[in-house]
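Quick note on the working numbering: the sequence shown kicks off at 42 and runs consecutively. Written out below as structure tokens is the structure these notes cover.
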Amino acid sequence: MARQDRLRRISQAHDRRRPGRPMRLWRKLAILALYPRTDRGFWYGFAIDLLWPVLMAVARWDFRGGRQVPASGGALLAVNHLSHVDPIVLVSYCMAQGRVPRFLAMKELWGQTVVGAPLRGGRHIPVDRSASGIEAYRAAVEAVRQGEVVVVYPEGGFADDSDGWPRPARTGVARMALETGAPVIPVAQWGSNHLLPPSARFGTLYPRATLRVLAGPPVVLHDLREGRIGRTALQAATDRIMGRITEQLAVLRREEPPQPEVRDPEPAADLQPPAVS
Numbered sequence: 042m043a044r045q046d047r048l049r050r051i052s053q054a055h056d057r058r059r060p061g062r063p064m065r066l067w068r069k070l071a072i073l074a075l076y077p078r079t080d081r082g083f084w085y086g087f088a089i090d091l092l093w094p095v096l097m098a099v100a101r102w103d104f105r106g107g108r109q110v111p112a113s114g115g116a117l118l119a120v121n122h123l124s125h126v127d128p129i130v131l132v133s134y135c136m137a138q139g140r141v142p143r144f145l146a147m148k149e150l151w152g153q154t155v156v157g158a159p160l161r162g163g164r165h166i167p168v169d170r171s172a173s174g175i176e177a178y179r180a181a182v183e184a185v186r187q188g189e190v191v192v193v194y195p196e197g198g199f200a201d202d203s204d205g206w207p208r209p210a211r212t213g214v215a216r217m218a219l220e221t222g223a224p225v226i227p228v229a230q231w232g233s234n235h236l237l238p239p240s241a242r243f244g245t246l247y248p249r250a251t252l253r254v255l256a257g258p259p260v261v262l263h264d265l266r267e268g269r270i271g272r273t274a275l276q277a278a279t280d281r282i283m284g285r286i287t288e289q290l291a292v293l294r295r296e297e298p299p300q301p302e303v304r305d306p307e308p309a310a311d312l313q314p315p316a317v318s
């Protein structure tokens with residue numbers, strides 16, 4: 042526990058630097074030396090150890106708000122989705138706080154040679170997109186109850202022509218939160234779309250992208266758990282979560298977000314979480 046406390050102090054001390062300033066190299070190296078080596082599975086751990094130095098080399102980091110990620114216990118991280126490298130960035134962010142994250146990913150990826158082994162070894166959660174997603178939902182709820190940090194991209198993916206602001210989201214993360222009572226941490230990221238634009242096949246190495254991640258305080262949802270968890274409560278919870286993510290993203294982008302779209306509530310059973318890649 043002392044190792045994790047030291048890791049979190051080193052990581053969170055970056056918050057004292059002026060916003061927009063990248064993390065210093067010595068801090069990233071110290072985090073690399075201290076981040077968790079257990080509870081990762083061999084291939085998931087191998088992928089982390091392999092990709093961490095690569096991510097340090099190709100991009101600057103500006104990770105903030107890490108104190109909002111609980112040091113222990115189950116939690117849901119609700120994150121906006123911009124690029125195929127988002128999961129790699131979020132793994133680095135969570136590991137810097139001493140937590141090993143679990144992701145929901147398309148079931149088809151489990152059969153791939155390179156990607157499948159880390160997914161299986163890391164106890165990530167397969168999602169059958171041809172079905173309702175109920176099995177993935179149950180697995181995610183169980184993981185949270187077992188004390189895991191589960192990362193969810195509520196938008197269900199990203200658009201090649203997106204302006205980067207969050208799109209209307211699915212209600213899966215809201216249902217998980219209302220059922221488990223676990224904290225939902227709104228996390229915004231910006232810069233992964235510059236490192237690897239959604240429509241690009243190769244990353245942009247020059248100029249170096251700055252990967253900005255900012256977590257905010259847990260979303261207040263306790264009032265929505267008092268009655269029946271129906272469509273109205275699920276949509277209200279989803280709107281709060283996405284609103285908070287958008288607020289965090291506005292801080293990172295230093296821009297005013299567009300007005301949110303108004304839409305009808307979706308069926309409560311429609312989880313359909315996004316893929317990792």
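Glycine included, each C-beta is placed from N, C-alpha and C at the ideal position. These figures come from a predicted structure and were not determined experimentally.
- [ ] Return the residue from the list Pro142, Gln138, Ile175 that minimises the CA-CA distance to Gly162.
- [x] The candidate whose alpha carbon is nearest that of Gly162 is Pro142.
- [ ] State the DSSP-derived secondary structure class of Leu145, mapped to helix, strand or coil.
- [x] In the structure shown, Leu145 adopts extended strand secondary structure according to DSSP, grouped into three states.
Task: Trp102 classed as buried or exposed, judged by whether at least 16 other C-beta atoms fall within 10 angstroms - done: Buried, because 16 or more other Cβ atoms sit within 10 Å of the Cβ of Trp102.
Open item on the list: For Pro322, which residues in the same chain have their Cβ closer than 7 Å to its Cβ, ignoring the five residues on either side in sequence?
Closed with: With the chain covering only 42 through 318, there is no way to say anything about residue 322.
- [ ] Assuming Ala210 and Glu220 form a contact by the criterion Cβ under 8 Å, report the distance between their Cβ atoms to the nearest whole angstrom.
- [x] About 17 Å separates the two Cβ atoms, so there is no contact after all.
Open item on the list: Buried or exposed, going by whether 16 or more other CB atoms sit within 10 Å of the CB of Val261?
Closed with: By the neighbour-count criterion, in which a residue is buried when 16 or more other Cβ atoms sit within 10 angstroms of its Cβ, Val261 is exposed.
- [ ] Give the straight-line distance between the Cα atoms of Ala100 and Glu267, rounded to the nearest whole angstrom.
- [x] Roughly 45 Å separates the two Cα atoms.
Open item on the list: Between which residues of its own chain and Leu92 is the CB-CB distance below 6 Å, once the five residues before and five after are set aside?
Closed with: Ile129, listed in sequence order.
Task: Counted within 10 angstroms of its Cβ, other Cβ atoms place Ser52 as buried (16 or more) or exposed - done: Buried: at least 16 other Cβ atoms inside 10 Å.
TODO: Report buried or exposed for Val95, applying the criterion of at least 16 other Cβ atoms within 10 angstroms of its Cβ.
DONE: That one is exposed.
Task: Neighbourhood of Val126 by C-beta, 7 Å cutoff - its chain only, sequence neighbours within 5 removed - done: Hits under 7 Å: Ser233, Leu236, Leu237.
Open item on the list: To the nearest angstrom, how far is the alpha carbon of Arg295 from that of Phe104?
Closed with: If you take the alpha carbons of Arg295 and Phe104, they lie about 16 Å apart.
- [ ] Using a threshold of 8 Å, state whether the C-beta atoms of Met217 and Tyr178 are closer than that.
- [x] Contact: yes.
TODO: Would you list, in sequence order, the uninterrupted alpha helix (DSSP H) runs of no fewer than 4 residues that lie entirely inside the segment 76-159?
DONE: Whole alpha helix (DSSP H) segments, 4+ residues: 83-99, 127-136.
Open item on the list: Let me check understanding here. Comparing Cα to Cα, which of Gln45, Val228, Thr273, Ser240 lies closest to Arg253?
Closed with: By alpha-carbon distance to Arg253, the top candidate from Gln45, Val228, Thr273, Ser240 is Val228.
TODO: Assign His165 to one of three DSSP states: helix, strand, or coil.
DONE: His165 falls in the coil class under three-state DSSP.
TODO: Using the Cα positions of Ala112 and Ala54, report the straight-line distance between them to the nearest angstrom.
DONE: Going by the C-alpha atoms only, they are around 16 Å apart.
Open item on the list: Using the three-state DSSP reduction, which class does Trp231 fall into: helix, strand or coil?
Closed with: Strand at Trp231.
Task: Distance between Ile166 and Ala146 (C-alpha atoms, nearest Å) - done: Whole-angstrom Cα-Cα distance: 6 Å.
Task: C-alpha distance - Arg57 paired with Gly271, whole-angstrom precision - done: Between Arg57 and Gly271, the C-alpha separation is close to 42 Å.
TODO: Please work out which residues of its chain come closer than 7 Å, Cβ to Cβ, to Pro299, disregarding the five sequence neighbours upstream and downstream, and give them in chain order.
DONE: Taken in chain order, the residues that qualify are Trp206.
Task: Proximity to Asp80 [Cα-Cα], best of Asp280, Gln187, Leu118 - done: Per the Cα distances, Gln187.
TODO: Could you check the C-alpha separation between Val168 and Val190 for me, to the nearest Å?
DONE: Spanning the two alpha carbons is a distance of roughly 17 Å.
- [ ] Give me whichever residues DSSP pairs with Val192 in a beta bridge.
- [x] Note: Val192 sits in a beta bridge opposite Leu118, Phe144.
TODO: Keeping to the same chain, check which residues put their C-beta closer than 7 Å to that of Val225; ignore five residues upstream and five downstream.
DONE: Only residues of its own chain outside the window of five on either side were considered, and among them Leu117, Ala119, Val214, Ala218, Pro259, Val260, Leu262, Ile282 have a CB closer than 7 Å to the CB of Val225, listed in chain order.
- [ ] Below 8 Å on the Cβ atoms is my guess for Gln289 versus Leu255; work out the distance and round it to an integer in Å.
- [x] At roughly 5 Å, the Cβ-Cβ gap stays under 8 Å, so Gln289 and Leu255 are in contact.
TODO: Run the CB neighbour count on Ser240, radius 10 Å, all protein chains shown included, and call it buried at 16 or more, exposed below.
DONE: Exposed, since its Cβ has fewer than 16 Cβ neighbours within 10 Å.
Task: Whole-angstrom distance between Ala200 and Pro77, CA atom to CA atom - done: Between the C-alpha atoms of Pro77 and Ala200 there is a straight-line separation of about 33 Å.
Task: N-terminal and C-terminal residue of the alpha helix (DSSP H) that Val214 is part of - done: Looking at the DSSP string, the run of the alpha helix (DSSP H) that includes Val214 is 213-221.
Open item on the list: With the cut-off set at 8 Å, would you say Pro63 and Thr251 are in Cβ contact?
Closed with: Yes, these two residues count as a Cβ contact at 8 Å.
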